[in-house]
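Peer 1: First the structure, which I've put down as structure tokens, then a few questions once you've had a look.
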Amino acid sequence: MFILRLPSAIILTSLILAGIYINGLTGKVIFTFIAMFFAFFAVLEFLDIISKVGRRSYIIFTSLFSAAAVFLLVAMRHRVTDLLVFEVRIMIVFAVIAWILVLFSKNREDVLDKVLNSVSAFFLITLPLSFMIIIYLIDDGTRDAAGRKLLLYFIAVTKSGDIGAYLIGVTSSKLMPGGNHKIVPSISPKKSWEGTIGGLIFSIVVAIYLAKILPAPYKLAMPSAVMIGSILFIGGFLGDLAESSLKRIAAVKDSGMIIPGIGGILDLLDSLILNAPIFYIFLIPMMR
Numbered sequence: 238m239f240i241l242r243l244p245s246a247i248i249l250t251s252l253i254l255a256g257i258y259i260n261g262l263t264g265k266v267i268f269t270f271i272a273m274f275f276a277f278f279a280v281l282e283f284l285d286i287i288s289k290v291g292r293r294s295y296i297i298f299t300s301l302f303s304a305a306a307v308f309l310l311v312a313m314r315h316r317v318t319d320l321l322v323f324e325v326r327i328m329i330v331f332a333v334i335a336w337i338l339v340l341f342s343k344n345r346e347d348v349l350d351k352v353l354n355s356v357s358a359f360f361l362i363t364l365p366l367s368f369m370i371i372i373y374l375i376d377d378g379t380r381d382a383a384g385r386k387l388l389l390y391f392i393a394v395t396k397s398g399d400i401g402a403y404l405i406g407v408t409s410s411k412l413m414p415g416g417n418h419k420i421v422p423s424i425s426p427k428k429s430w431e432g433t434i435g436g437l438i439f440s441i442v443v444a445i446y447l448a449k450i451l452p453a454p455y456k457l458a459m460p461s462a463v464m465i466g467s468i469l470f471i472g473g474f475l476g477d478l479a480e481s482s483l484k485r486i487a488a489v490k491d492s493g494m495i496i497p498g499i500g501g502i503l504d505l506l507d508s509l510i511l512n513a514p515i516f517y518i519f520l521i522p523m524m525r
């Protein structure tokens, strides 16, 4: 599994870094493609998982709508506040389409069930992840836009917690007599207290170390870096746990098989879903 996981992680990391760091239209095109790809498959996988427990939906339409919403959001060239207004408009359009489907269908009960499940995917997956795009589009008026560094910082701090929890969890399981101490074996059998503490430490260390790359208005003192490292680890942990619970209900191991060695897109993004709006809220007081 690790043999497949490593090249997949390297390729994904390279693409994401290219999308974040390449200036101009090329970088924006790469980022837009990645964001649309992630939005489409994250929603697709979520709706596919709940379909296994009898929850039907408009799976293709909702996935395409999410990808289109992401494209339009990236294409916007306005202030962050305008982007938030645009998000509200997207939600209104989605709601109007949903109600039209309900009102003009013959089998309203069946359509209502599909609509509610589709709407839940949009609000639980697309909407939170869209804050990553809003963070990316934060502009401090320079060629080296602040949003790129903020997004890199956000992803690095969150994912370092995942990596730390995995490494410490696996190591402690092998070294400790009788294995390590599990947190919620009924939901996620591999999650341990040792791994969780290790992941928290990793997130805090990375949050402190990378704070120096942040642009002037968003510079973090050590106490603030420790706080955001802790918050993002907890948010990532809860997001991961929520996806694990969903997969256990549906009796599936991975959300998908599109990424060799890792699983599905939702498996990759689970720790970022809850954290994206949390990190954006954290940034609001610092915005000029």
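If you want the numbering used here, it's the 1-based position in the sequence shown plus 237.
Glycine included, every Cβ here is placed at the ideal spot set by N, Cα and C.
1) Tell me the DSSP secondary structure of residue 419 in three-state form.
2) Alpha carbon to alpha carbon, how far is residue 341 from residue 398? Give it in angstroms, no decimals.
3) When you compare the CB positions of residue 288 and residue 363, do they come within less than 8 Å of one another, or not?
4) Quick check on DSSP: helix, strand or coil for residue 400?
5) Whole beta strand (DSSP E) runs in the segment 283-353 with 3 or more residues, listed along the chain?
6) Over what stretch of residues does the alpha helix (DSSP H) that includes residue 432 continue unbroken?
7) Buried or exposed, going by whether 16 or more other CB atoms sit within 10 Å of the CB of residue 261?
8) Run through DSSP, which three-state label would residue 405 get?
9) Quick check on the burial criterion: 16 or more other C-beta atoms within 10 angstroms. Buried or exposed for residue 347?
10) Report buried or exposed for residue 433, applying the criterion of at least 16 other Cβ atoms within 10 angstroms of its Cβ.
11) Can you tell me the Cβ-Cβ gap for residue 417 and residue 473, rounded? I've got them flagged as a contact below 8 Å.
12) Going by beta-carbon coordinates alone, are residue 482 and residue 395 separated by less than 8 Å?
13) Taking Cβ positions, are residue 452 and residue 383 nearer each other than 8 Å?
14) Report the three-state DSSP secondary structure of residue 496 (helix, strand or coil).
Peer 2: So, from the listed chains and residues:
1) strand
2) 48 Å
3) no
4) helix
5) none
6) 430-446
7) exposed
8) helix
9) exposed
10) buried
11) Their Cβ separation, rounded to whole angstroms, is 19 Å, which puts residue 417 and residue 473 out of contact at 8 Å.
12) no
13) yes
14) strand
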